[in-house]
Amino acid sequence: MKIKFGLLPQIVVAIILAALLGTIMPKDGVRIFATFNGIFGNFLNFVVPLLIVAFIAPGIAQLGKGSGKLLGLATFFAYFSTLIAGFFAFFVASNVLPNLISTSGSEKFANPEESLAQTFVKIDMPPLMDVMTALLLAFILGIGMAAINSEVMKKFFDEFNVIIDKVISKIIIPLLPFHIFGIFLNMTYAGQVAKILSVFALVFVLIIVMHLCILVLQYVVAGAINKKNPFYLLKTMAPAYFTALGTQSSAATIPVTLKQARKTGASERVTGFTVPLFATIHLSGSTITLTTCSIAVMMLNNQAYTLTEMIPFIFMLGIVMVAAPGVPGGAVMAATGVLQSMLGFDETMVALMIALYLAQDSFGTATNVTGDGALSMIVDRFSQKEKA
Numbered sequence: 011m012k013i014k015f016g017l018l019p020q021i022v023v024a025i026i027l028a029a030l031l032g033t034i035m036p037k038d039g040v041r042i043f044a045t046f047n048g049i050f051g052n053f054l055n056f057v058v059p060l061l062i063v064a065f066i067a068p069g070i071a072q073l074g075k076g077s078g079k080l081l082g083l084a085t086f087f088a089y090f091s092t093l094i095a096g097f098f099a100f101f102v103a104s105n106v107l108p109n110l111i112s113t114s115g116s117e118k119f120a121n122p123e124e125s126l127a128q129t130f131v132k133i134d135m136p137p138l139m140d141v142m143t144a145l146l147l148a149f150i151l152g153i154g155m156a157a158i159n160s161e162v163m164k165k166f167f168d169e170f171n172v173i174i175d176k177v178i179s180k181i182i183i184p185l186l187p188f189h190i191f192g193i194f195l196n197m198t199y200a201g202q203v204a205k206i207l208s209v210f211a212l213v214f215v216l217i218i219v220m221h222l223c224i225l226v227l228q229y230v231v232a233g234a235i236n237k238k239n240p241f242y243l244l245k246t247m248a249p250a251y252f253t254a255l256g257t258q259s260s261a262a263t264i265p266v267t268l269k270q271a272r273k274t275g276a277s278e279r280v281t282g283f284t285v286p287l288f289a290t291i292h293l294s295g296s297t298i299t300l301t302t303c304s305i306a307v308m309m310l311n312n313q314a315y316t317l318t319e320m321i322p323f324i325f326m327l328g329i330v331m332v333a334a335p336g337v338p339g340g341a342v343m344a345a346t347g348v349l350q351s352m353l354g355f356d357e358t359m360v361a362l363m364i365a366l367y368l369a370q371d372s373f374g375t376a377t378n379v380t381g382d383g384a385l386s387m388i389v390d391r392f393s394q395k396e397k398a
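Residue 11 is where the sequence shown starts when you use this note's numbering, and the numbers rise one by one after that.
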């Protein structure tokens with residue numbers, strides 16, 4: 011029997027090895043991995059705008075045609091749910107994390123440029139465009155393809171999508187454990203890793219609690235609208251939650267989500283349309299994780315964060331989640347550009363985000379797909395009102 015060593019175990023092993031080796035490895039050894047991190051980080055920055063165009067443009071083109079009002083209702087509720095999750099995470103994290111994470115005095119998290127081992131060589135890989143340009147281009151092309159029903163351009167972007175997906179799944183994702191190892195090796199060398207790992211544990215627990223809270227809220231609303239017990243509905247959708255914990259993929263869990271969503275009483279017509287759609291565009295659990303982790307990473311770097319700064323970030327995060335490729339860690343890869351352009355994240359901060367996110371990726375995915383059942387019930391109810 012072949013045992014699959016998944017991405018999360020690889021990340022865990024990388025962090026443990028880095029914490030052990032960072033105290034004994036000579037400086038030149040640390041600098042070798044720092045050089046790899048610099049090259050990999052620059053390649054990642056090069057790919058991010060291409061990822062945004064490759065995934066968002068065809069995604070918008072596909073949303074622009076089909077089932078009319080049902081599509082509009084589903085898209086509205088998915089985006090609204092994602093925004094609620096993002097703002098909920100911001101208010102909880104900004105009030106709870108300052109009591110859990112100390113950023114004062116000798117415990118201050120050092121800037122990598124000041125305290126970490128430097129690279130042997132720097133290779134620049136300037137992106138073809140910045141992140142905001144890529145987002146605007148993706149919106150224009152996506153809306154344009156939907157408006158003129160361009161089959162030629164749609165075919166091109168479908169194939170471009172496959173190419174970038176291959177780059178992510180065959181190059182970036184396999185190399186991530188080495189990137190995380192290099193980052194944590196350097197932090198151990200600089201004496202920072204103990205604090206980072208203690209923060210990981212606190213953030214992990216807080217995120218899981220928020221996931222459960224948002225699911226209860228979603229099913230309380232769905233239950234109230236449909237006059238059903240929300241906890242019975244949650245119990246009905248539990249198989250989808252636990253399936254997603256294992257698959258770490260919303261798409262791979264669709265058959266189970268669809269089966270359980272129909273058991274809640276939602277119609278086959280609506281669930282057959284909304285469940286596959288929500289697997290792509292509804293990522294409330296991932297949004298909670300990304301928002302909370304971003305605040306934690308900014309706190310570790312003594313970087314200020316405000317509601318006025320986070321509002322546009324959360325709104326944009328909800329849109330960018332549509333671009334998330336269907337691989338473990340896909341959501342955080344899609345969010346990398348927004349983290350850099352809107353919150354000022356550098357290479358080390360992005361690596362910390364990736365490690366934090368991947369630590370609970372399966373729980374975020376499970377929250378996403380379980381919430382799909384609640385949204386399907388809400389859409390079903392409102393579509394019945396439209397008919398009436």
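C-beta atoms are modelled at their ideal positions from N, C-alpha and C, and glycine is treated no differently.
- Taking all protein chains shown into account, residue 279 has fewer than 16 neighbouring C-beta atoms within 10 Å of its C-beta and is therefore exposed.
- The distance from the Cβ of residue 387 to that of residue 236 is about 6 Å, consistent with a contact at the 8 Å cut-off.
- The beta carbons of residue 217 and residue 361 sit no closer together than 8 Å.
- Closest in alpha carbon position to residue 130, among 41, 90, 221, 391, is 41.
- Residue 320 carries a helical assignment under DSSP once its states are collapsed to helix, strand and coil.
- By the 16-neighbour rule on beta-carbons within 10 angstroms, residue 169 is exposed.
- Taken atom to atom, the span from the alpha-carbon of residue 358 to that of residue 329 is near 25 Å.
- With fewer than three CB-CB distances shorter than 8 Å, the segment 160 to 178 does not count as touching the segment 27 to 37.
- Under the 10 Å beta carbon count, residue 197 is surrounded by 16 or more other beta carbons and is classified as buried.
- By the C-beta criterion, the segment 57 to 67 is judged to be in contact with the segment 133 to 141, since at least 3 inter-stretch pairs fall below 8 Å.
- In the three-state reduction of the DSSP assignment, residue 378 falls in the helix class.
- Taking the Cα positions, residue 67 is about 9 Å away from residue 171.
- If you check the CB distance, residue 28 and residue 195 come in under 8 Å.
- For residue 25, the secondary structure class from DSSP, reduced to helix, strand or coil, is helix.
- About 18 Å separates the CB atoms of residue 193 and residue 312; that is not less than 8 Å, and the two are not in contact.
- Selection 246, 260, 291 evaluated against residue 269 yields 246 as nearest (Cα-Cα).
- Around the beta-carbon of residue 348, 16 or more other beta-carbon atoms lie within 10 Å, marking it buried.
- Comparing alpha carbon positions, the residue from 183, 108, 160 closest to residue 368 is 183.
- Taking all protein chains shown into account, residue 103 has 16 or more neighbouring C-beta atoms within 10 Å of its C-beta and is therefore buried.
- Between residue 382 and residue 267, the gap from beta carbon to beta carbon is short of 8 Å.
- Residue 345 and residue 327 have their alpha carbons spaced roughly 7 Å apart.
- For residue 192, the uninterrupted alpha helix (DSSP H) segment begins and ends at 183 to 199.
- In the structure shown, the three-state DSSP call for residue 136 is coil.
- CA-CA distance, residue 92 to residue 297, rounds to 7 Å.
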